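First comes the structure, then the notes that go with it.
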Amino acid sequence: MENSRRSFLKLAGISAIGLGTKPVLDAFASSEAHGEKHGPEIFPNQEALTAKRWAMVIDTRKFESEADLDPIIEACNKIHNVPKFKEKRHEIDWIWVDEFKHVFTDLEHEFVDDRLKHLPFLVLCNHCENPACVRACPTKATFQREDGIVLMDFHRCIGCRFCMAACPYGSRSFNFRDPRPFIKEENKAFPTRMKGVVEKCNFCAERLAVGKMPACVEASNGAIVVGDLHDPDSEVRELLKNNYTIRRKTHLGAGPAIYYIV
Amino acid sequence: MLELAFKGGKKYWGLIIGLLVLMGIAFGFWLWQLSFGLGITGMSRDVSWGFYIAQFTFLVGVAAGGVMVVLPYYLHDYKAFGRITILGEFLAIAAVIMCLMFIIADLGQPMRAINVIFYPTPGSILFWDMIVLNGYLLLNIIVGWNVLEAERNNIKYPGWVKALAIFSIVWAPLIHTVTAYLYCGLPGRGFWLTAILAPRFLASAFAAGPALLILLSLIIRRVTKFDPGREQIQSLAKIVTYAIIINVFFFLCEVFVVFYSRIPSHMDHIKYLFVGLHGHSALVPWMWTSILFMVTSIILLVIPATRKNEAVLAFACVILFIGTWIDKGMGMISGGFVPNPLHHVVEYVPTIPELIITLGIWATGFFILTILFKIAVTVKEEVSGV
Amino acid sequence: MNDKNIIITGLIIFFVFLTFPFWYNLGKASPVPEPKLTDKAKAAKECVEPKEYMKVEHMQILDIWRDGVVREANRVYISKKGKRFNMSLSTGDDSCMGCHSNKAEFCDKCHDYTSVTPYCWDCHIEPPKEKK
Ligand code: SF4
Ligand code: SF4
């Protein structure tokens with residue numbers, strides 16, 4: 000007992016200075032091997048949905064007006080305890096709508112066709128291949144997983160908002176005050192945030208981990224599809240092969256993973 | 000030497016107490032900000048950095064500018080500045096402390112600031128900014144203190160102090176370069192995305208820092224028995240003149256590139272600042288004031304007759320300081336965020352609590368500066384036996 | 000008063016100031032609290048690791064779980080005895096709080112006593128109070 004306590008302390012110490020937990024646990028397990036049968040180990044869920052590189056395709060042809068998009072946004076907000084503030088300044092958005100000329104600032108022109116001109120577009124974090132937000136973050140509170148999803152570790156964020164300045168898509172929001180009183184109906188299964196940290200779309204990482212599709216996908220009646228960009232047989236690849244798609248501000252080289260069929 | 004700060008006349012104590020009162024009030028507002036969150040400021044999702052970070056940027060410049068008295072003395076053996084290097088170093092100390100305070104004031108979770116050290120991330124410029132700022136602070140404290148101590152004891156400062164002083168000269172441009180890199184490496188913020196940003200920051204720093212030093216020297220001459228010296232002030236004035244001209248030149252380079260290339264994502268920000276965008280023009284009068292002040296100061300500084308007149312020189316330094324402060328402390332940060340990445344124009348106006356906290360941090364800086372200068376000047380008075 | 004007296008007075012004030020928390024708590028010593036277990040927790044006999052171990056190391060385990068779940072999408076913990084657990088603080092019946100649903104009696108008691116204030120509950124939603 001004494002021995003393992005010491006090693007666990009050591010392990011905690013090492014993990015505290017920022018190494019991943021996996022190698023440490025492995026080392027721990029092997030050092031214990033002669034004494035007990037198992038060292039503690041941690042694994043992903045078996046039923047988790049995985050991909051080499053996650054991507055999302057939004058088929059905007061299936062949308063006509065904001066009424067089609069509201070349930071999608073609502074689903075995300077509800078599941079993730081996204082607050083609704085009266086004050087515009089304090090606004091927090093994970094997924095929201097805007098016009099073509101604002102979403103595709105470099106593609107818009109005066110004579111863009113009527114449908115695009117008036118169609119609301121869904122906007123969310125692009126889970127960039129080369130995320131500027133991750134580069135900027137001084138604490139690795141914003142990080143990119145191997146599968147491409149860009150996530151926030153709210154426990155670690157110091158609220159410097161460097162990531163917000165860095166993101167070229169305006170995908171990030173800051174908790175200018177305690178969000179709790181502004182959440183209509185709390186989803187007990189997902190934490191809220193606290194004041195002073197940044198947040199954004201998390202590609203429903205918490206749902207993928209337990210084998211569920213992202214909330215927006217489920218609420219979209221098939222208009223939004225996510226899948227593995229590196230798997231040639233995946234549904235997203237199928238869609239990309241057969242449709243013309245656009246992405247936001249590609250000239251910046253960030254490599255957004257959200258594709259729009261227009 | 001610290002005891003020297005406790006002996007002073009009525010005016011000195013009046014100033015100290017006045018500053019303490021300001022600091023106290025601001026501290027109260029800061030506690031409120033801690034409990035409520037940054038929502039008490041005017042910042043938003045769109046303009047996510049505001050007055051605090053702008054002051055920080057400006058003051059990094061003032062800190063770096065202090066080097067302009069240290070450099071000629073140590074590197075060019077310009078003896079005249081030997082009298083006043085200490086003022087430059089102490090100014091740098093006060094300015095860097097203000098910078099650090101503004102960063103802390105701007106953090107959403109200041110209690111966790113230490114995470115920057117727990118999870119060091121060399122890819123983040125903020126990580127490096129922390130290192131260069133703290134390093135510069137330390138260097139200036141060590142060098143300044145030892146040089147002054149030596150002067151008081153009538154001995155020459157030890158060799159290692161000179162080595163550190165030269166090191167700090169190299170370090171000074173670094174702090175402002177790294178600070179500029181915070182901004183100019185960000186994709187999608189056209190206003191900052193320019194290689195001239197760091198040079199421009201440095202030019203305005205080498206104008207504003209020494210200009211403030213000139214003003215402080217004039218004040219010291221008036222209220223104490225120590226005279227920083229006419230020659231010294233005139234030499235500083237020439238440095239200021241070159242620097243402010245270069246600053247305006249760099250700005251014009253930027254204007255040319257932006258408006259000749261006509262790339263909207265670069266143009267819109269400058270348009271917003273100087274003529275307004277989509278009917279939003281909160282900063283327009285400020286920016287033109289800034290230009291007017293900087294240009295006027297150039298004229299006054301370039302003409303020898305006006306530069307040599309100390310009253311005019313003081314006036315030129317005041318408007319130069321204000322001009323560069325507006326340019327960096329107001330325009331530089333808001334300008335980068337408006338319009339936002341989705342080309343919406345969301346303006347930013349600081350709130351009263353935000354201004355009070357800002358004022359409080361400035362007061363803290365001046366409090367530290369007053370004490371340090373008091374010590375330095377007393378030592379100078381002692382040594383010269385007046 | 001000469002300088003010496005001033006210095007000594009200063010030192011005394013400094014010393015009192017330094018040891019203030021000690022004085023302040025003097026005479027208020029209360030017995031070390033025992034956290035209360037829910038019936039569910041009692042029935043389970045053992046937490047993810049033995050009790051003594053959890054008493055001392057639960058913060059480390061939570062820390063590792065947190066990093067594992069948030070940063071590496073690892074959600075399954077296999078204890079030293081080879082048992083599987085769902086790594087979660089507050090989501091679902093098989094989370095920490097699913098078992099220890101009496102936060103006030105289980106967590107807060109000791110945390111208050113030792114004056115530590117973990118910020119878990121600023122974000123994680125507490126289990127409803129009425130459950131005993
Ligand atoms: S869209 Fe912005 S927040 Fe999302 S990954 Fe890209 S840079 Fe980061
Ligand atoms: S606000 Fe948080 S997530 Fe963003 S850069 Fe700072 S520490 Fe990282």
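Chains as they are written, first to last, in numbering that gives the first Met the number 0: chain S, 0 to 261; chain P, 0 to 385; chain Y, 0 to 131. Glycine included, every Cβ here is placed at the ideal spot set by N, Cα and C. Just so it is clear, the structure is predicted and the values come from calculations on it, not from any experiment.
I'd like the ranges of any alpha helix (DSSP H) spanning at least 4 consecutive residues and lying wholly in the stretch 96-128 of chain P. 114-117
Which bits of chain S does P:Trp48 rub up against, with CB to CB less than 7 Å? Arg160, Ala164
Going by C-alpha distance, which of S:Asn44, S:Asp92, S:His101 is nearest S:Leu118? S:His101
For P:Gln231 and chain S, any beta-carbon pair shorter than 9 Å? no
Counting pairs of beta carbons, one from the stretch 137-147 of chain P and one from the stretch 157-164 of chain P, are three or more of them closer than 8 Å? yes
Run through the stretch 228-280 of chain P for me and flag every whole alpha helix (DSSP H) of 4 or more residues, listed as ranges in chain order. 229-260, 263-273
Within chain P, the residues that S:Arg155 reaches when beta carbons sit closer than 8 Å: Arg111, Asn114, Tyr118
For chain Y, is any of its Cβ atoms less than 9 Å away from the one on S:Asp112? no
Would you say the beta carbon of S:Gly158 comes nearer than 8 Å to a heavy atom of ligand 2? yes
Measuring only the C-alpha atoms, how far is Y:Gly67 from P:Pro109? 25 Å
To the nearest angstrom, how far is the alpha carbon of S:Glu63 from that of P:Pro340? 25 Å
Taking 9 Å as the threshold (C-beta atoms), are P:Ile92 and P:Asn139 in contact? yes
Cβ distance (whole Å) where S:Asp227 is taken to contact S:Ala50 below 8 Å: 4 Å
Between which two residues does the alpha helix (DSSP H) containing P:Phe80 stretch? Premise fails: P:Phe80 is in no alpha helix (DSSP H) and is neither H nor E.
Mind checking who S:Glu40 pairs with in its DSSP beta bridge? Y:Ile77
Cα-Cα separation, Y:Ile60 to Y:Tyr52: 10 Å
Just list the residues that DSSP pairs S:Trp53 with in beta bridges. S:Asp227
Tell me whether the beta-carbon of P:Ser406 lies closer than 9 Å to the beta-carbon of P:Ala79. Outside the shown range of chain P, which is 0 to 385, sits residue 406 of chain P, and nothing can be said about it.
By the DSSP assignment, the beta strand (DSSP E) with S:Ile94 in it spans what residues? 94-97
When you compare the CB of P:Ile356 with every CB in chain S, is at least one pair closer than 9 Å? no
Simplified DSSP state of S:Glu73, which is helix, strand or coil: helix
What three-state label does DSSP hand Y:Thr116 in the structure shown? coil
Neighbour list for Y:Thr90 in chain S, Cβ cutoff strictly below 9 Å: Lys187, Ala188, Phe189, Pro190, Glu205
Okay, do the stretch 162-170 of chain S and the stretch 43-52 of chain P touch, 3+ Cβ pairs below 8 Å being the bar? yes
S:Thr59 and S:Ile260 look like a contact to me (Cβ under 8 Å); what is the Cβ gap, rounded to whole Å? 6 Å
For S:Phe27, decide whether its Cβ has a neighbour in chain P, counting only Cβ atoms nearer than 9 Å. Residue placement at S:Phe27 cannot be trusted, given a pLDDT of 46 that sits under 50; the coordinates are not used to answer.
Considering only the alpha carbon of each residue, which of P:Gly122, P:Lys379, P:Leu137 lies closest to S:Pro137? P:Gly122
So does S:Ser170 have its beta carbon nearer than 8 Å to some heavy atom of ligand 1? yes
Does the count of Cβ pairs from the stretch 81-91 of chain S and the stretch 245-258 of chain S closer than 8 Å reach three? no
Using a C-beta cutoff of 9 Å, does S:Lys21 count as contacting chain Y? In this prediction, S:Lys21 scores a pLDDT of 46, lower than 50, which makes its location untrustworthy; no coordinate-derived value is stated.
Identify the contact partners of Y:Cys122 in chain S, using a Cβ-Cβ distance below 7 Å as the criterion. Phe153, Pro190, Thr191, Arg192, Met193
In this structure, does DSSP put Y:Met58 in helix, strand or coil? helix
Can you name the residues of chain S whose CB is closer than 8 Å to the CB of Y:Tyr112? Simply none; closest approach about 22 Å.
Listed by chain order, chain Y residues near S:Ala253 by CB distance under 8 Å: Chain Y residues near S:Ala253: none, gap ~22 Å exceeds 8 Å.
Simplified DSSP state of S:Asp58, which is helix, strand or coil: strand
Count the other C-beta atoms from every protein chain shown that fall within 10 angstroms of the C-beta of P:Trp361, then say buried if there are 16 or more, exposed otherwise. buried
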